[in-house]
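Below is one structure, written out as structure tokens; the observations come after it.
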Amino acid sequence: METTQERFCSEEYSAHKIYSTLARNPLLPRNYREIFNKTSREEYRHYLFWKQYSKNCTVKNLWLKILLYNILTLLFGVTFVLKLLERSENKAVSEYSSLGESTGIPLSNLKTIIEEELVHENTFVSSISESRVKYLGSIALGISDALVELTGIYAGSLGAFANPLVSGLTGLLAGLSASISMTIASYMQAKSSRLEKPQIAALFTGLAYITVTLLLSLPYFILTSLLSAFTSMILIAVAISIYMAIYTAVLGEKSFKREAAETTGLLLGVSILLYVIGRLIGSYLAL
5 METTQERFCS
15 EEYSAHKIYS
25 TLARNPLLPR
35 NYREIFNKTS
45 REEYRHYLFW
55 KQYSKNCTVK
65 NLWLKILLYN
75 ILTLLFGVTF
85 VLKLLERSEN
95 KAVSEYSSLG
105 ESTGIPLSNL
115 KTIIEEELVH
125 ENTFVSSISE
135 SRVKYLGSIA
145 LGISDALVEL
155 TGIYAGSLGA
165 FANPLVSGLT
175 GLLAGLSASI
185 SMTIASYMQA
195 KSSRLEKPQI
205 AALFTGLAYI
215 TVTLLLSLPY
225 FILTSLLSAF
235 TSMILIAVAI
245 SIYMAIYTAV
255 LGEKSFKREA
265 AETTGLLLGV
275 SILLYVIGRL
285 IGSYLAL
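As structure tokens, this is what we get:
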């Protein structure tokens, strides 16, 4: 059975290899790679420390973890990955303190490691300035508004129309029109809030809205069945909402389950309500 020291040893070695691999990622800017490289060296020192007190320090499926974090970096960005890694490391800090007293490891030897783990998150995350993180509120505004509005439109058209192409064009045109008004609204909101670059905030909101619009309309131009297109659209909408829930939960240190449940519940609730309204209108107008 793995001891606590062996678990810490394997976790620090895993973190060292993950940071080391990310530091060699050619897709990341140089300053990002330098941050990962520095962190990797510190984690390696931690690994050597715990190795002294471990009979067996092995890591299973390390290649899979490294691959996962590389994928997460591409999907969510550097800050997300750092927050995710440091979240797990910070949980171990309190265990480090009690471990010295219970196993005979001098607390003085743990002091440096504990201090480094405590400052990792603030030091390294604050050193990284990603546009998608700085303007997360603007991106979330565009995505959430597009999801709610367009799922409602498509749900209503499901009860009113029989042709998927007509439904797709309806949602696409409505989404593109709404993206313009949302971009303007985002600019005015950012300007009144005295953000440094309100035009950038507006750009992110508009691009987020247009991206969601295109993704949700895609099934209607590919599939011939209106029900299949609607089902695919809902799955895409849920996937987007889960993506944002994961992103905001990790960066904001919130509950992922709560974020995902609220967004998904809102989407489905709006869809059901507007489907019923669409059916009533379709029946009344004999569409």
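When the letters of the sequence shown are read in order and numbered with the working numbering, they come out as residues 5 to 291. Using N, Cα and C, we set each Cβ at its ideal position, and we do this for glycine too.
The segment 196 to 215 makes no contact with the segment 170 to 177; the number of CB pairs closer than 8 Å stays below 3. Val63 and Phe12 have their alpha carbons spaced roughly 11 Å apart. Around the beta carbon of Gly81, a 10 Å sphere encloses 16 or more other beta carbons of the protein chains shown; the residue is thus reported as buried. Put simply, of Leu277, Thr43, Ser58 and Ile157 the residue whose alpha carbon is nearest the alpha carbon of Glu93 is Thr43. When the Cα atoms are used, Thr8 and Lys258 turn out to be separated by approximately 28 Å. Rounded to whole angstroms, Ser245 and Thr267 show a C-alpha spacing of 6 Å.
When the beta-carbon positions are compared, Tyr279 and Gly160 come within less than 8 Å of each other. For Tyr51, the enclosing alpha helix (DSSP H) stretches over residues Arg34 to Lys55. DSSP places Ser229 outside both helix and strand once states are collapsed to three, so it counts as coil.
Annotation for Pro168: the continuous alpha helix (DSSP H) segment containing it runs Pro168 to Ser196. When DSSP states are grouped into helix, strand and coil, Phe165 belongs to the coil group.
DSSP places Cys61 outside any alpha helix (DSSP H), giving it a letter other than H or E. For a cut-off of 8 Å, the C-beta gap from Cys61 to Tyr100 is around 16 Å, too long to register as a contact.
When Leu271, Thr235 and Glu15 are compared, the shortest CA-CA separation from Lys55 is found for Glu15. By a beta-carbon distance limit of 8 Å, Leu114 does not contact Thr217. Their separation comes to about 53 Å. A straight line joining the alpha-carbon of Leu239 with that of Tyr73 spans about 25 Å.
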